[in-house]
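Residue numbering for the sequence shown follows this note's numbering, starting at 33 and increasing by one per position. Even for Gly, the Cβ is constructed at its ideal location relative to N, Cα and C. This one's a predicted model, so the numbers in the text were calculated from it and none came from an experiment.
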Amino acid sequence: MKRAAASILGSLVKLLLLLLPLSANAAVYKVGDSAGWTTIGNVDYKKWAATKTFSLSDVIVFQYNPQFHNVMQVNHAAYKECNASSPIATHTTGNDTITVTRHGHYFFLCGVPGHCQAGQKVDIHVPRTTTSLAPSPSVSVASSPANPVASAVAPGPSSAAPTVTPLDPLKGLLSITAAAFLAFLFSSGQCLM
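Structure follows, in structure tokens:
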């Protein structure tokens, strides 16, 4: 029994070690870099997005003055037409975070009249790569004040390069430790569940 438990535990640890780099490399992108999400300064969000390589688990941060702007996730047709009448999601905190959980396009615009037409819209394209395991089914959104996770992700610096969040490797290590501990409990008969 102990030999089988050790084999299972060893296999689990190896699997988790293989998966660790996938979660540890998540980047945080601040839309518009130092300018943020605004109509001031003629930020070209199309050019901004074209300089980024988005991947699963990346975090997209929209920072803006909530008195003057918002963030609406829309479908492709609404994005092209700057139509904010039927958004998929609306964010209004001024520090909104969206975690990339699937491949494809994420379309965002400012719903304040005239702002999208002035260029305040962005298409975040997450290409399908051969190194990913499987796409997730939806976008995970954390932007309301009732959800404390929204403020837990610090925005990246104002440079154009993505920032690897310092907590991601720690989360991976904690996940491995927790999984190994649970595997030990189950394999040794110590777990009362």
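Exercise for review: Could you tell me how far apart the beta carbons of GLN95 and ASN127 are, in whole angstroms, since I believe they sit closer than 8 Å?
Suggested key: That pair is a contact at about 6 Å.
*Extent of the continuous beta strand (DSSP E) to which LYS84 belongs*: Counting along the chain, LYS84 falls outside any beta strand (DSSP E), and DSSP gives it neither H nor E.
Practice problem: Tell me, to the nearest whole angstrom, how far the beta carbon of TRP80 is from that of ASP65; I am working on the premise that it is less than 8 Å. | Solution: TRP80 to ASP65, Cβ: 7 Å. Contact.
*If you count every other CB in all the chains shown that lies within 10 Å of the CB of PRO159, and 16 or more means buried, which is it?*
PRO159 should be labelled exposed.
(message) Give me, in chain order, the residues of the same chain whose beta-carbon lies closer than 8 Å to that of TRP69; leave out the 5 immediate sequence neighbours on both sides.
(response) Counting only Cβ-Cβ distances below 8 Å, and skipping sequence neighbours, we find VAL63, PHE94, GLN95, TYR96, HIS101, VAL103, CYS142 and GLN152.
Review point. Do GLN105 and ALA82 have their C-beta atoms closer together than 8 Å?
Key: Cβ distance not < 8 Å, so GLN105 and ALA82 don't count as in contact.
Taking buried to mean at least 16 other C-beta atoms within 10 Å of its own C-beta, is THR22 buried or exposed? Residue 22 lies beyond the stretch modelled for the chain, which goes from 33 to 225, so this question has no answer here.
Exercise for review: Find the nearest neighbour of HIS147 within the set CYS114, LYS78, PHE139 and HIS137, judged by alpha-carbon distance.
Suggested key: Nearest of CYS114, LYS78, PHE139 and HIS137 to HIS147, Cα basis: CYS114.
Requested in this report: Go to ALA59, then tell me how far its beta strand (DSSP E) extends in each direction, as first and last residue.
Outcome: In the DSSP assignment, ALA59 falls within the unbroken beta strand (DSSP E) covering 59-62.
- [ ] Locate the beta strand (DSSP E) running through TYR138, then write down its first and last residues.
- [x] Unbroken beta strand (DSSP E) run through TYR138: 136-141.
Exercise for the section: Quick one: give me the first and last residue of the alpha helix (DSSP H) that HIS108 is part of. Expected result: Boundaries of the alpha helix (DSSP H) around HIS108: 108-113.
Give me, in chain order, the residues of the same chain whose beta-carbon lies closer than 8 Å to that of HIS108; leave out the 5 immediate sequence neighbours on both sides.
For HIS108, the CB contacts under 8 Å within the same chain, skipping 5 residues up- and downstream, are HIS137 and PHE139 in chain order.
So for LEU88, helix, strand or coil by DSSP? LEU88: coil per DSSP, three-state reduction.
Taking 8 Å as the cut-off, decide whether the C-beta atoms of TYR111 and ASP155 are in contact.
Contact annotation: TYR111 and ASP155 have beta-carbon atoms nearer than 8 Å.
Worksheet item: Below 8 Å between beta carbons: does that hold for THR124 and PRO145?
Response: No, Cβ-Cβ distance for THR124 and PRO145 is not below 8 Å.
- prompt: Which of the three DSSP states, helix, strand or coil, is assigned to ALA121?
  reply: Correct three-state label for ALA121: strand.
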